[in-house]
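These notes concern the structure reproduced below.
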Amino acid sequence: MQKEIIFISGKDPLLERGGHSSYIRAHARAAIKSGFEPHIFCVSNRTEVLNADFGVVHRVFSRFRPFRPLMIPFHSHFLHPAVTKYIRENNTGAILIHGFHVWAYPGVAIKRRLRREGREVRLLVNLYTTFVHELEGKVRGINRSHKLLRRIQQYMEYLWALAVMNRYERSLIEASDRIFVNYSSVRRLVHQAHGENINIDYLPYTSEKAFLNESGADDDLAVPAELERAKENGLPLIVSVSRHDPRKGLDVLIVALAQLRDAGIPFYACLTSGGQLFDSHARLVSELKLDSQVILTGWVGDTFSYLRHADIFVLPSLEEGSGSVSLIEALQAGIPIIASNIDGIPEDVTDGVDALLVEPGEPDALKDAIKRLIEDESLRKTLSVNARRKYEMKFSPDIFTQALRDAYEHNYFEKA
């Protein structure tokens with residue numbers, strides 16, 4: 177019989193698009209391979225339990241909106257009673273709770289309640305940034321090309337993070353039995369924000385796609401319709417997979433692409449994913465008269481098919497906190513990478529070896545790096561081979577699964 181492990185994901189891993197839910201699903205798949213059965217609790221507009229191929233998803237009704245981490249002080253009042261009730265009714269042994277980001281905060285109340293009842297509870301928390309650092313990145317990324325109301329909203333969220341969320345995050349850290357990070361950059365952020373005396377353990381990870389493509393079945397994916405024109409005309413194809421979020425620097429990439437066009441360099445670019453700044457970035461593409469060369473797809477079902485057919489992958493982030501799931505997928509796809517030299521990104525790739533790193537927020541440097549790769553076939557091949565090698569050495573699902581198994585068994589009270 178598999179041991180149950182409680183995941184507190186906050187966001188719905190069946191519905192929410194983006195890196196957080198992909199990160200949760202990757203951990204759930206690794207947990208299953210490790211011999212655990214993940215029960216994943218998230219907030220929703222209804223209460224129901226659904227079986228998924230990555231675990232059991234428990235949707236918990238919350239009357240509050242939006243379903244974002246900045247609302248965890250309110251969502252927690254629904255999550256922790258639901259998780260506690262489930263544990264009381266279904267689990268008589270020791271309890272292992274694994275929470276993610278500040279969404280893990282309900283675990284503090286769950287642990288406190290159950291320990292008063294004499295139950296053995298361990299709370300493990302994965303942090304991939306600090307809340308204030310993430311909101312600082314969003315404030316830096318909002319500029320005058322964005323609407324005034326959006327800028328005001330972003331600054332108000334930052335003040336909320338400073339006044340409220342920082343305290344919740346600190347309480348979570350103090351109540352946790354183990355803190356895990358995937359990057360030294362996150363360790364530094366946590367120590368800077370909450371004190372140098374916090375014990376933090378390193379845990380490797382990989383993307384969900386690493387588990388879904390262990391057989392190599394995705395190697396011959398069809399060309400997405402949006403990319404057919406570039407393939408037919410033999411144009412260099414630039415792909416970026418990133419949420420349209422102030423932290424992600426997609427406006428910097430769009431400006432760099434306009435400079436590339438003005439320099440007479442032929443290309444076709446595809447920016448996948450959606451997000452709060454999608455319309456703003458679409459307007460910028462039109463204002464710079466890039467409509468014939470740059471397409472914004474919105475959310476797509478499988479970004480890996482875009483990566484498999486790209487000639488160059490670009491990650492122009494202004495802030496990540498840790499690394500990037502899409503960067504790992506680009507390494508897996510074995511394509512030349514250009515990425516910002518920020519936070520955990522240089523821990524995953526090395527400039528001139530398996531990627532080109534540029535300083536964040538500098539369209540001139542980004543344009544020069546793209547131009548260099550377009551014109552240097554030998555460099556593209558070198559980066560491509562080394563990217564795939566880096567993926568196999570550092571991000572294989574077996575490495576992640578073994579590390580997670582060791583972490584769970586070390587913290588579990590009932591050893592097999």
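177 is the number of the first residue of the sequence shown in the numbering used here; add one for each residue after it.
Each residue gets a CB set at the ideal place from its N, CA and C atoms; glycine is no exception.
Query: Using DSSP's beta-bridge definition, name the partner residues of F276.; Result: N302
Query: DSSP state of E224, grouped into three classes?; Result: strand
Query: For I518, does the three-state DSSP call read helix, strand or coil?; Result: coil
Query: Is it right to say R343 is buried, meaning 16 or more other beta carbons lie within 10 angstroms of its own, or is it exposed?; Result: exposed
Query: What residue range does the beta strand (DSSP E) around E180 cover?; Result: 179-186
Query: Does the region 249-260 come close enough to the region 273-285 to have 3 or more Cβ pairs within less than 8 Å?; Result: yes
Query: Considering L413, what are the terminal residues of the alpha helix (DSSP H) in which it resides?; Result: Element bounds for L413: not the alpha helix (DSSP H) but the beta strand (DSSP E), 413-417.
Query: Nearest CA to the CA of T382: which residue from F237, R205, G231, G186?; Result: R205
Query: Taking buried to mean at least 16 other C-beta atoms within 10 Å of its own C-beta, is S416 buried or exposed?; Result: buried
Query: Check the C-beta distance from H215 over to F243 and give it rounded, since I have them as a contact under 8 Å.; Result: Their Cβ separation, rounded to whole angstroms, is 19 Å, which puts H215 and F243 out of contact at 8 Å.
Query: Give the list of continuous alpha helix (DSSP H) stretches no shorter than 4 residues that lie fully inside the region 328-376.; Result: 342-351, 360-370
Query: Along the chain, where does the alpha helix (DSSP H) that runs through V170 open and close?; Result: Outside the displayed span of the chain (177 to 592) sits residue 170, for which this structure offers no information.
Query: Could you tell me which uninterrupted beta strand (DSSP E) segments, each at least 3 residues in length, are contained entirely in the region 416-472, listed from first to last along the chain?; Result: 444-448
Query: Helix, strand or coil for G528, going by three-state DSSP, please let me know.; Result: coil
Query: Just to check my reading of the structure: T305 and S498 have Cβ atoms closer than 8 Å, yes? What is that Cβ distance to the nearest angstrom?; Result: 6 Å
Query: What did DSSP end up calling R244 once you bin it into helix, strand or coil?; Result: coil
Query: Using 8 Å as the Cβ pair cut-off and three pairs as the minimum, do the region 185-200 and the region 265-281 touch?; Result: yes
Query: State yes or no: is the C-beta of S418 within less than 8 Å of the C-beta of L491?; Result: yes
Query: Closest to A583 by CA distance: which of V470, K570, R354, S252 is it?; Result: R354
Query: Is the beta carbon of L483 sitting closer than 8 Å to the one on A509?; Result: yes
Query: Could you give the residue range of the alpha helix (DSSP H) that holds F576?; Result: 573-587
Query: Using 8 Å as the threshold, is the C-beta distance between S502 and G425 below it?; Result: no
Query: Could you work out which residue in A369, S449, I511 is closest to L338 when comparing CA atoms only?; Result: A369
Query: Only counting the same chain, and skipping five residues up and downstream in sequence, which positions put a Cβ closer than 7 Å to that of H586?; Result: none
Query: Count the C-beta pairs between the region 455-473 and the region 524-533 that are closer than 8 Å, then say yes if the count reaches three, no if not.; Result: no
Query: Nearest by alpha-carbon distance to A506: which of N562, E496, G474, A458 is it?; Result: N562
Query: Enumerate in chain order the residues of its own chain whose CB-to-CB distance from K547 is below 8 Å, with the five nearest sequence positions on each side excluded.; Result: L436, A439, I441
Query: Who does V236 pair with in a DSSP beta bridge?; Result: V219
Query: Beta-carbon separation of L303 and V236 under 8 Å?; Result: no
Query: With a Cβ-Cβ cutoff of 8 Å, do E568 and Y359 count as a contact?; Result: no
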